[in-house]
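In numbering that gives the first Met the number 0, the protein residues as written are 0 to 238. I have placed the structure first, in the form of structure tokens, so that the comments after it can refer back to it.
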Amino acid sequence: MAAGAGIAVAAAVALAFALAGDGDEPVARRVLTSDEADRLAVARFRNYEAEGRAVTITVPGAAGGLVVTGSVDYRAKTGYGVVRGTGRDASGDGLIEWTAATVRFHPLANAPATAPASPPATGWYDRPLRTAGNTLDSALAIVLGLGGDRPDNAQLLRQNGAAWIGSGQVRGRRTDIMTGPDARGKAGTADSVRYWVGEDGTMYRVRADVASEPRPVVIEFDTQRYVPVRPVPKATPAR
Numbered sequence: 000m001a002a003g004a005g006i007a008v009a010a011a012v013a014l015a016f017a018l019a020g021d022g023d024e025p026v027a028r029r030v031l032t033s034d035e036a037d038r039l040a041v042a043r044f045r046n047y048e049a050e051g052r053a054v055t056i057t058v059p060g061a062a063g064g065l066v067v068t069g070s071v072d073y074r075a076k077t078g079y080g081v082v083r084g085t086g087r088d089a090s091g092d093g094l095i096e097w098t099a100a101t102v103r104f105h106p107l108a109n110a111p112a113t114a115p116a117s118p119p120a121t122g123w124y125d126r127p128l129r130t131a132g133n134t135l136d137s138a139l140a141i142v143l144g145l146g147g148d149r150p151d152n153a154q155l156l157r158q159n160g161a162a163w164i165g166s167g168q169v170r171g172r173r174t175d176i177m178t179g180p181d182a183r184g185k186a187g188t189a190d191s192v193r194y195w196v197g198e199d200g201t202m203y204r205v206r207a208d209v210a211s212e213p214r215p216v217v218i219e220f221d222t223q224r225y226v227p228v229r230p231v232p233k234a235t236p237a238r
């Protein structure tokens, strides 16, 4: 597998939206052991194996952040959930479905805490997923890139800058914190994405830097029950 493929997708996507650090410095840094590299290499495949994962995506913003609570189907490469503002008005609240190419939105004056299992039949608007200048879209694209239909190349991860930088607990689960490899042709970019990976290679948290916002996007897995993603009805004309 090419060095720039696989787990590097998230780093490459973050870099494509340009990098910005949040000032955090790791307590320790060293090259991955063989076991750690193997676990990082299967992390995206574990998501694909599971078919889908429940996620909470925290998206920072200068005018107030957004939180997307929902599910991602890593076989169909589709996400669905509810988006709610934090520290801002509720004009952007509602249901959201996304693919690598399209974002579909259903506005709601009083958005629920979790999205209904069956999407509403009407009231959807769609637009292209923006590849630059939009922190929400950057986050949605990164989340979709966190699943793959085969393990990544552990040896190439070690050779291309992936590192161990610490350990910790995520909702009672022991994890190792690792950086991804450098994005292709961009030495020194490994810290753009950090992964909290369990003892069996399960991914529990991801932190990714994007250009449109100085603070990182944070993706938490298994924050609620996974609800299979169902296709939303045909959208009305774009807003």
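Beta carbons are placed, not taken as given, at the ideal position from N, Cα and C, and that holds for glycine.
Counting pairs of beta carbons, one from the stretch 48-58 and one from the stretch 211-223, are three or more of them closer than 8 Å? The answer is yes - the stretch 211-223 touches the stretch 48-58, with three or more Cβ pairs under 8 Å.
* Go through the stretch 130-160 residue by residue and report every complete run of the alpha helix (DSSP H) that reaches 4 residues or more, in order. => Within the stretch 130-160, the alpha helix (DSSP H) runs of at least 4 residues that lie entirely inside it are, in chain order, 134-143, 153-158.
- Item | Bridge partners - Val192, DSSP secondary structure assignment | According to DSSP, Val192 bridges with Ala207.
**Q.** 8 Å contact criterion, which Ala40 and Leu156 should meet: CB distance rounded
**A.** About 6 Å separates the two Cβ atoms, so the contact holds.
* Are Ser70 and Val209 touching if we call contact CB-CB under 7 Å? -> Pairing Ser70 with Val209 gives a Cβ-Cβ distance that is not under 7 Å.
Measure the beta-carbon distance from Leu139 to Val102 and round it to whole angstroms, keeping in mind my assumption that it falls under 8 Å.
About 7 Å; that satisfies the 8 Å criterion.
Tell me where the alpha helix (DSSP H) around Val226 begins and ends.
Counting along the chain, Val226 sits inside no alpha helix (DSSP H), nor does DSSP assign it H or E at all.
key: Between the CA atoms of Leu128 and Val67 - distance to the nearest angstrom   = Using only the alpha carbons, I get a separation of about 16 Å.
Check your understanding: Expressed to the nearest angstrom, what Euclidean distance is found between the alpha-carbon atoms of Ser117 and Gly160?
Key -> Ser117 and Gly160 have their C-alpha atoms spaced approximately 43 Å apart.
- Query: Thinking C-beta only, is Pro180 closer than 7 Å to Phe44?
  - Reply: Contact annotation: Phe44 and Pro180 have beta-carbon atoms that are not nearer than 7 Å.
Distance, Leu31 Cα to Thr178 Cα: Approximately 10 Å between the Cα atoms of the pair.
Note to self: Counting C-beta neighbours from all protein chains within 10 Å, is the total for Arg193 16 or more, i.e. buried, or is it exposed?
What the structure shows: By the 10 Å Cβ count, Arg193 comes out buried.
**Asked** Leaving out the 5 sequence neighbours to the left and right, which residues in its chain are closer than 6 Å to Gly146 when beta-carbon positions are compared?
**Response** In chain order, Arg43, Asn46, Tyr47, Tyr73 place their CB closer than 6 Å to the CB of Gly146, counting only its own chain and leaving out the 5 sequence neighbours on each side.
Beta-carbon gap between Pro213 and Arg206 smaller than 7 Å:
Contact flag unset, no.
Self-check item: Residues sharing a beta bridge with Asp125, DSSP
Solution: Paired residues: Arg103.
TODO: Within the same chain, show all residues whose beta-carbon is closer than 8 Å to that of Arg224, passing over the 5 residues directly before and after it, in chain order.
DONE: In chain order, Ala53 place their CB closer than 8 Å to the CB of Arg224, counting only its own chain and leaving out the 5 sequence neighbours on each side.
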